[in-house]
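K.L.:
Pasting in a structure now, in structure tokens, and then I'll have a few things to ask.
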Amino acid sequence: MQERAESASRERERARAESETASRERENEQRARESAGSERENETASRERERARAESERMRQRAESEREHEQRARERDNEQRARESTSRKRENETASREREQKARERERTRQRARESLSRERENETANREHEQRERKWESEQRERAQAAKESASRERERARAEIASRERTRQ
13 MQERAESASR
23 ERERARAESE
33 TASRERENEQ
43 RARESAGSER
53 ENETASRERE
63 RARAESERMR
73 QRAESEREHE
83 QRARERDNEQ
93 RARESTSRKR
103 ENETASRERE
113 QKARERERTR
123 QRARESLSRE
133 RENETANREH
143 EQRERKWESE
153 QRERAQAAKE
163 SASRERERAR
173 AEIASRERTR
183 Q
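So the number in the numbering used here is just where the residue sits in the sequence shown, counting from 1, plus 12.
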């Protein structure tokens, strides 16, 4: 916006300078016509016209030089902005990649935690099942031992009864 305002201001200044130059040229030409009667006046008018033309050319060249300078300055500014924009874009891409990488790392950490928790639960379940099997086996062993004890006791009782019966039969 400021560049446009400055450019418009310079354009107005150039137009004013050209207008002044044209005005001076007209004045010079008028003076030359008025002094056409004498050779010296003609030479003076000629020199004046040449001086005015030279001054007009200098002003035109200066205006052209200023326009070129402004154009180069705008191009440099545009290049600088483009470099800054590219740099910001790269920084944003880098930051985005870093955020994505951190998000992936967090997800991997959560996944490992879930897997670890799952293994822990599986181990706890396996341990409980193992303990239940051990208790069942121990209970079965006690029941078998009790049954064997009771069977042995009955067998002794039967043997005693049989011995007693034989004793009675003998008498």
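Glycine included, each C-beta is placed from N, C-alpha and C at the ideal position.
Report yes if the C-beta distance between residue 66 and residue 29 is below 9 angstroms; otherwise report no.
P.N.:
Contact: no.
K.L.:
Okay, do the stretch 101-113 and the stretch 33-43 touch, 3+ Cβ pairs below 8 angstroms being the bar?
P.N.:
No: fewer than three Cβ pairs fall under 8 angstroms.
K.L.:
Anyone know if the C-beta pair for residue 79 and residue 16 falls short of 9 angstroms?
P.N.:
Taking 9 angstroms as the Cβ cut-off, residue 79 and residue 16 do not qualify as a contacting pair.
K.L.:
Taking the Cβ atom as the reference point for each residue, do residue 61 and residue 37 lie within a distance shorter than 9 angstroms?
P.N.:
In contact: residue 61 and residue 37 (Cβ atoms closer than 9 angstroms).
K.L.:
Beta-carbon separation of residue 6 and residue 19 under 9 angstroms?
P.N.:
No statement about residue 6 is possible, as the shown extent of the chain runs from 13 to 183 and does not include it.
K.L.:
Give the straight-line distance between the Cα atoms of residue 144 and residue 137, rounded to the nearest whole angstrom.
P.N.:
For residue 144 and residue 137, the distance between alpha carbons rounds to 10 angstroms.
K.L.:
Can you list, in chain order, the stretches of the alpha helix (DSSP H) that have 4 or more residues and sit fully within the stretch 102-169?
P.N.:
For the stretch 102-169, not a single whole alpha helix (DSSP H) run of length 4 or above is found.
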